[in-house]
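In this note's numbering, the protein residues as written are 0 to 202.
All C-beta atoms in this analysis are idealised placements derived from N, C-alpha and C, irrespective of residue type, glycine included.
Here the structure is a predicted model, which is why all the values come from computation and not from measurement.
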Amino acid sequence: MPTSFNLRHAFIAVALSAAAALPAAPAAAQISLPPVPCVPGVTCPQPKPECAHADAVPAADNLATVRHATLCLLNAERVKHGLAKLHASRPLRGVALRYAKRMVADSFFDHVSPTGSTFVQRIAQSTYLQHANGYNLGENLAWGGGPLCTPKAIVNAWMNSPGHRANILDGAFRDIGIGVALGVPVAGSGPGATYVNEFGHRG
Numbered sequence: 000m001p002t003s004f005n006l007r008h009a010f011i012a013v014a015l016s017a018a019a020a021l022p023a024a025p026a027a028a029q030i031s032l033p034p035v036p037c038v039p040g041v042t043c044p045q046p047k048p049e050c051a052h053a054d055a056v057p058a059a060d061n062l063a064t065v066r067h068a069t070l071c072l073l074n075a076e077r078v079k080h081g082l083a084k085l086h087a088s089r090p091l092r093g094v095a096l097r098y099a100k101r102m103v104a105d106s107f108f109d110h111v112s113p114t115g116s117t118f119v120q121r122i123a124q125s126t127y128l129q130h131a132n133g134y135n136l137g138e139n140l141a142w143g144g145g146p147l148c149t150p151k152a153i154v155n156a157w158m159n160s161p162g163h164r165a166n167i168l169d170g171a172f173r174d175i176g177i178g179v180a181l182g183v184p185v186a187g188s189g190p191g192a193t194y195v196n197e198f199g200h201r202g
């Protein structure tokens with residue numbers, strides 16, 4: 000059967016700092032009265048974040064929230080570029096989570112596991128490709144410590160890496176599985192989190 004996959008990525012050891020969002024310009028007044036100045040931090044309207052919990056630091060009780068925030072941020076980038084949103088896939092999520100946990104447990108950071116398995120093989124062992132007439136697959140990896148392990152920091156780092164950005168903005172992909180594991184794959188790096196994205200499209 001015809002197959003294709005994307006392997007356009009590099010490794011990210013730490014995420015880049017998130018850029019501060021500028022507040023939106025006030026709307027034009029509809030009446031002739033002069034506007035009443037607001038008090039910053041008190042009565043001034045606060046800009047709403049693009050995605051809820053984008054600054055959440057992964058913890059044992061919020062991994063589902065972190066995963067949803069990551070998907071929201073990835074889809075926001077796709078929408079900016081006129082692409083369809085990715086749909087969460089349970090089989091791909093299982094593959095991603097197992098691999099994120101394995102990298103932490105076995106202290107390695109690579110698309111090929113110490114036993115030689117590739118992300119294509121790992122996805123093929125799930126139910127995702129059952130009855131598919133073809134497929135397109137890709138994988139992004141990242142880990143970060145402290146404030147560099149939030150969804151926003153990780154997605155910003157991916158978007159500033161050509162290979163990771165290419166996977167995120169690949170219009171052929173329709174599905175995604177996001178795995179977030181507590182801990183980092185490099186010993187002595189302190190607390191943090193490891194992220195795996197499995198991208199896919201079934202023919």
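CB residue i to CB residue j, shorter than 8 Å?
| i | j | result |
| --- | --- | --- |
| residue 168 | residue 80 | yes |
| residue 191 | residue 178 | no |
| residue 139 | residue 196 | yes |
| residue 121 | residue 103 | no |
Roughly how many angstroms separate the alpha carbons of residue i and residue j, rounded to a whole number?
| i | j | result |
| --- | --- | --- |
| residue 76 | residue 61 | 23 Å |
| residue 70 | residue 87 | 8 Å |
| residue 153 | residue 101 | 19 Å |
| residue 20 | residue 129 | Because residue 20 carries a pLDDT of 28, less than 50, the predicted location of this residue cannot be relied on, and the following value inherits that uncertainty. C-alpha separation (whole angstroms): 43 Å. |
| residue 68 | residue 90 | 19 Å |
| residue 85 | residue 52 | 19 Å |
| residue 18 | residue 174 | In this predicted model, residue 18 has a pLDDT of only 26, less than 50, meaning its place in the structure is not dependable; the value taken from the coordinates is given anyway. Each residue's alpha carbon lies about 27 Å from the other. |
| residue 185 | residue 98 | 15 Å |
| residue 198 | residue 134 | 10 Å |
| residue 127 | residue 54 | 31 Å |
| residue 123 | residue 176 | 14 Å |
| residue 160 | residue 63 | 25 Å |
Between residue i and residue j, which are expected to be in contact by the criterion C-beta below 8 Å, what is the C-beta distance as a whole number of angstroms?
| i | j | result |
| --- | --- | --- |
| residue 200 | residue 171 | 5 Å |
| residue 202 | residue 141 | Not really, about 28 Å apart at Cβ, beyond 8 Å. |
| residue 150 | residue 72 | 6 Å |
Looking only at its own chain, which residues have a Cβ that is under 7 Å from the Cβ of residue i, when we skip the five neighbours before and after it?
| i | result |
| --- | --- |
| residue 57 | 65, 148, 179, 181, 192 |
| residue 113 | 105, 107 |
| residue 188 | 144 |
| residue 59 | 181 |
Suppose the cutoff is 6 Å on Cβ atoms and the five residues either side in sequence are ignored; what does the same chain contact list for residue i look like?
| i | result |
| --- | --- |
| residue 96 | 178 |
| residue 283 | No answer is possible for residue 283: the residues shown for the chain start at 0 and end at 202. |
| residue 194 | 141, 153, 179 |
Report all residues from its chain with a CB closer than 8 Å to the CB of residue i; omit the five preceding and five following residues, and keep chain order.
| i | result |
| --- | --- |
| residue 116 | none |
| residue 158 | 76, 164, 167 |
| residue 78 | 84 |
| residue 125 | 90, 91, 93, 94 |
Strictly by DSSP, which residues pair up with residue i?
| i | result |
| --- | --- |
| residue 175 | 87, 198 |
| residue 138 | 197 |
| residue 144 | 191 |
| residue 165 | Its beta-bridge partners do not exist; DSSP assigns none. |
| residue 180 | 193 |
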